[in-house]
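So the sequence lines, in the order shown, correspond to chains A and B. Throughout, this note's numbering is defined as the position within the first sequence, counted from one, plus 1452. Throughout, this note's numbering is defined as the position within the second sequence, counted from one, plus 1452. Think of the CB as a built atom: it goes at the ideal place given N, C-alpha and C, for glycine as much as any other residue. The structure under discussion appears below in the form of structure tokens.
2 protein chains.
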Amino acid sequence: MKVEILCTGDEILSGKTTNTNYSHIARKLAEVGLDVVWGTTVGDDRASLLAAFRQAGARADAVIVNGGLGPTVDDLSQDVAAEACGVPLVLSEHWLQRMTESYARRGRVMPANNKKQAMLPDGAELIDNPIGTACGFAVTIGKARFLFTPGVPREMRRMLDEQVIPRLLKLGGITGVTRLKRFHSFGIGESRADELLAGIPGLAIDAEIKLGFQAHFPELETKLAARGASEAALAAKLAPVEAEVRRRLGNFVVAEDEQSLEGVVLEKLKAGGHTLAVGETFTSGAIASRIAPLAGAEGVFRKGVIASDVTAEALRRDSGTSHALVVLMQLDEGPERPDFGATITVQIADATGEVERTARLVGGRDWVRIGAAEMGLDCLRRHLCGMPVDERIDFERR
Amino acid sequence: MKVEILCTGDEILSGKTTNTNYSHIARKLAEVGLDVVWGTTVGDDRASLLAAFRQAGARADAVIVNGGLGPTVDDLSQDVAAEACGVPLVLSEHWLQRMTESYARRGRVMPANNKKQAMLPDGAELIDNPIGTACGFAVTIGKARFLFTPGVPREMRRMLDEQVIPRLLKLGGITGVTRLKRFHSFGIGESRADELLAGIPGLAIDAEIKLGFQAHFPELETKLAARGASEAALAAKLAPVEAEVRRRLGNFVVAEDEQSLEGVVLEKLKAGGHTLAVGETFTSGAIASRIAPLAGAEGVFRKGVIASDVTAEALRRDSGTSHALVVLMQLDEGPERPDFGATITVQIADATGEVERTARLVGGRDWVRIGAAEMGLDCLRRHLCGMPVDERIDFERR
């Protein structure tokens, strides 16, 4: 099935807003096995929109349209969709009532121009928006089914998951259930992860597990997109593959699914009844700012210090905490350049003594700082989990 | 002149990489008065590329193509451009030599597959890439001039400024020189800035100054895009308009052009021979991490402390610094929600005593944290500049 994405709006077309809605939609579709084949961006312009609808309708089987559903005169999606379908706009009494009730619940009167948001092309299928006044809708233009979504990211994301993707899967005759399993690792690059996981999709009893990667330095996300006839069949199929990924990536997996490295560290500290102080130099608070604001951190994170003369054992003693993490950096001299680097020293002190890890990272000032913060947190995770803190990582030079 | 942007590559099409090249190009063009009217994204697929070239060639006057100039088999831009032009690919001896020399200078031998990057459509105009192996080129397809640029952001950005934009201006018959003047402010929203600056472009002696805004919370960027017959004429025209923007935005302007708020604060501290300690609670190092890593900060930034029991005068005394900045936050209770907020207390201590500023910010945890860090730095800037620290800002609730 050929799927396209069509984004509308002057803010996106002019580059004033970076089009993260596009990448979100495309990634979500890929995760359920639907590949996007064409992307179009046009502004709040009637002629461009109409031409874009007609061209996509001639090429694709399904088109996700994003934006242009607002209450103002420059929001043209419903109007131009009706023109492309050759039908009039008609009032959806159902949606008008939903909007009116929503305003009433908040003790407000609906502005008159919101009524425009309940005008849909005659015969359109309404797509529910549970958290906004812009309803989605679906119509057929040319040979493609067009699914219209609002530009507000929070609303679009929820409607994509709950309304749009199920419709696309049905349209493509794709049955069953899907799940995306994610592993977050630190210390291995995408090409080494690809080697380490060679043959992994083949372990599934059928071809319906897809392996993918997404690098967000300093972490790499390894994704298993799986499909099965039922939740039970899916879980049974995924379990051995998940276990094998976990085994092969080993100690480098810092978190899974919705977890974060700092969240895992906080949980470990909490579970052990520990408290933490953090000392940093050139990371300048980047480590503290990942862990201290987490919900539940107030009982664990006691103090952060940004200074050049801090050591882990002294910090632990002065702060009265069970654990101290210190990340020191010796920066290269001279101006910023791609091979600019630093020597990182991580110290962890607890009641049993002190462990230390030294590594050299390169890649420019910001890169090195982000890498050092991650390395500090990862060393603490490894220490708390009883793993070696000095396992060589791909980003380090020796 | 109708300009389009055409981005190629599976990484962009699939959403794996967010398309920041598109927004960069579109913004840069807007700054010199060229509006993008259509954006297309296709993958590394011969048929899609060819169709996209032909459609854009029928619609536009100029098309910037981004991506697909690499050395691997999935990089198809030159090949498909030649097909669309109905000409063969021919070797650019000039570019081959440039690449060979570039490798030789780094003591390396050029891999054989790089030769592909010197194969251009017969008759193409070469567009120099001073920092990479992918040269750009220009050809005419349909009624449009196509300008090809590499997908590597650093290379694309430099070529856009130095090569592509001058060609587009020439193509559109747009003469003279352009300049973009930028003001960074904190504390006023886009709609209020728009009101404050009403009539500003009209102050120019002709119509060739355009006013624009770009919000990057917590700051707002106010941009004057100006065009003149010569550098001297441009400067003479811009000076009074700049001065008027500065006057109307007043104390809210925290920095101009390439400056940053933290950079301005650091310069002020250095100029006064001052030293600084920073204390934070819920911003958890976000303030320190903006100022401490700056070049030249090591002589000024002495210490950062992340704790709940810090006060400015005590921190100043304990750290032996001339100045101390403390930002404390009293967070709302309960779960994350859009009206989640905090009461921010900023304290600044120096040899003359202590000043304090209190404000309530709302907008969710992250939003409040970013706002509080900015407010702390801005209060310090105002204090060092002799401005009132408690001027009301648009983001605060009373």
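Can you tell me whether residue i is helix, strand or coil according to DSSP?
i, result
"Arg-1769 of chain A", "helix"
"Gln-1711 of chain B", "coil"
"Ala-1776 of chain A", "strand"
"Asn-1518 of chain B", "strand"
"Ile-1845 of chain A", "coil"
"Arg-1498 of chain B", "helix"
"Leu-1481 of chain B", "helix"
"Ala-1794 of chain B", "strand"
"Thr-1469 of chain B", "coil"
"Glu-1806 of chain B", "strand"
"Arg-1821 of chain A", "helix"
"Arg-1789 of chain A", "coil"
"Met-1839 of chain B", "coil"
"Ala-1504 of chain A", "helix"
"Ala-1534 of chain B", "helix"
"Gly-1756 of chain B", "strand"
"Met-1827 of chain B", "helix"
"Leu-1486 of chain A", "coil"
"Gly-1429 of chain A", "Nothing in the structure corresponds to residue 1429 of chain A, since chain A is present only between 1453 and 1850."
Measuring straight from C-alpha to C-alpha, what distance separates residue i and residue j?
i, j, result
"Leu-1528 of chain B", "Gly-1461 of chain B", "9 Å"
"Lys-1675 of chain B", "Asn-1565 of chain B", "44 Å"
"Thr-1601 of chain B", "Val-1693 of chain B", "35 Å"
"Ile-1516 of chain B", "Thr-1592 of chain B", "12 Å"
"Thr-1585 of chain B", "Glu-1463 of chain B", "20 Å"
"Asp-1842 of chain A", "Arg-1834 of chain A", "9 Å"
"Ala-1478 of chain B", "Gly-1625 of chain B", "19 Å"
"Arg-1498 of chain A", "Val-1532 of chain A", "7 Å"
"Glu-1806 of chain B", "Gly-1751 of chain B", "23 Å"
"Lys-1720 of chain A", "Met-1839 of chain A", "13 Å"
"Thr-1492 of chain A", "Ala-1570 of chain B", "30 Å"
"Gln-1507 of chain A", "Pro-1790 of chain A", "44 Å"
"Leu-1829 of chain A", "Ala-1534 of chain B", "51 Å"
"Ala-1503 of chain A", "Leu-1458 of chain A", "12 Å"
"Ala-1749 of chain B", "Ile-1822 of chain B", "21 Å"
"Asp-1513 of chain A", "Asn-1473 of chain A", "21 Å"
"Asn-1471 of chain B", "Asn-1471 of chain A", "7 Å"
"Ala-1681 of chain A", "Glu-1483 of chain B", "53 Å"
Just to confirm my understanding: we take residue i, look at its own chain, exclude 5 residues before and 5 after, and list those with CB closer than 6 Å. What are they?
i, result
"Glu-1683 of chain A", "Val-1629"
"Trp-1490 of chain B", "Glu-1456"
"Glu-1673 of chain B", "Arg-1634, His-1636 and Gln-1666"
"Lys-1567 of chain A", "none"
"Gly-1509 of chain A", "Ile-1593, Gly-1594 and Ala-1596"
"Phe-1765 of chain A", "In the sequence under discussion, the amino acid at residue 1765 of chain A is Glu, which differs from the Phe named in the question. Same-chain partners within the cutoff: Ala-1801 and Glu-1806."
"Ala-1825 of chain B", "Thr-1735, Ala-1738 and Ile-1739"
"Lys-1755 of chain B", "Ala-1729 and Ser-1771"
Against residue i, what residues of chain D qualify as contacts under a CB-to-CB distance less than 8 Å, listed in chain order?
i, result
"Val-1757 of chain A", "Absence of chain D from the displayed structure is noted, the protein chains being A and B."
Whose C-beta lies closer than 8 Å to the C-beta of residue i among residues of the same chain, with five residues either side of it excluded?
i, result
"Leu-1578 of chain B", "Ser-1544, His-1546, Trp-1547, Leu-1572, Cys-1587, Gly-1588 and Phe-1589"
"Leu-1648 of chain B", "Ile-1640, Arg-1700 and Leu-1701"
"Glu-1788 of chain A", "Gly-1816 and Arg-1817"
"Val-1757 of chain B", "Ala-1729, Val-1730, Gly-1731, Glu-1732 and Leu-1767"
"Val-1717 of chain B", "Ile-1743, Leu-1829, Leu-1832, Arg-1833 and Leu-1836"
"Ala-1759 of chain B", "Gly-1731 and Thr-1733"
"Leu-1541 of chain B", "Gln-1530, Asp-1531, Ala-1534, Met-1571, Leu-1572, Pro-1573 and Asp-1574"
Residue i versus chain A: which residues are under 7 Å apart at the beta carbon?
i, result
"Ala-1738 of chain B", "Gly-1737 and Ser-1741"
"Tyr-1474 of chain B", "Gly-1467 and Asn-1471"
Under 7 Å Cβ to Cβ from residue i, same chain only, skipping five residues before and after it: list those, please.
i, result
"Glu-1901 of chain B", "Residue 1901 of chain B is absent from the structure shown; chain B starts at 1453 and stops at 1850."
"Gln-1615 of chain B", "Ile-1579, Asp-1580 and Gly-1588"
Applying a beta-carbon distance threshold of less than 8 Å, which residues of chain B neighbour residue i?
i, result
"Ser-1500 of chain A", "Val-1489 and Trp-1490"
"Gln-1666 of chain A", "Lys-1468"
Name the chain A residues whose beta carbon is nearer than 8 Å to that of residue i?
i, result
"Pro-1745 of chain B", "Phe-1734, Ser-1736, Arg-1817 and Arg-1821"
Output, in chain order, the set of chain B residues within a Cβ distance shorter than 9 Å of residue i.
i, result
"Ile-1477 of chain A", "Gly-1467"
Give me the chain A residues within the contact set of residue i, using Cβ-Cβ distance strictly less than 9 Å, ordered along the chain.
i, result
"Ala-1482 of chain B", "Ser-1466, Gly-1467 and Lys-1468"
Could you name the residues of chain B that residue i contacts, counting a contact when the two beta carbons are closer than 7 Å?
i, result
"Val-1494 of chain A", "Trp-1490"
Which residue spans inside the region 1717-1744 of chain A form an unbroken beta strand (DSSP E) run of at least 3? 1728-1732
Any alpha helix (DSSP H) of 4 or more consecutive residues that is wholly inside the region 1539-1589 of chain A: The region 1539-1589 of chain A contains these whole alpha helix (DSSP H) runs: 1545-1557.
Complete runs of the beta strand (DSSP E) confined to the region 1598-1645 of chain B [at least 3 residues]: 1629-1638
Entirely within the region 1651-1711 of chain A and at least 3 residues each: give me those beta strand (DSSP E) ranges in chain order. 1661-1668, 1671-1680 and 1705-1708
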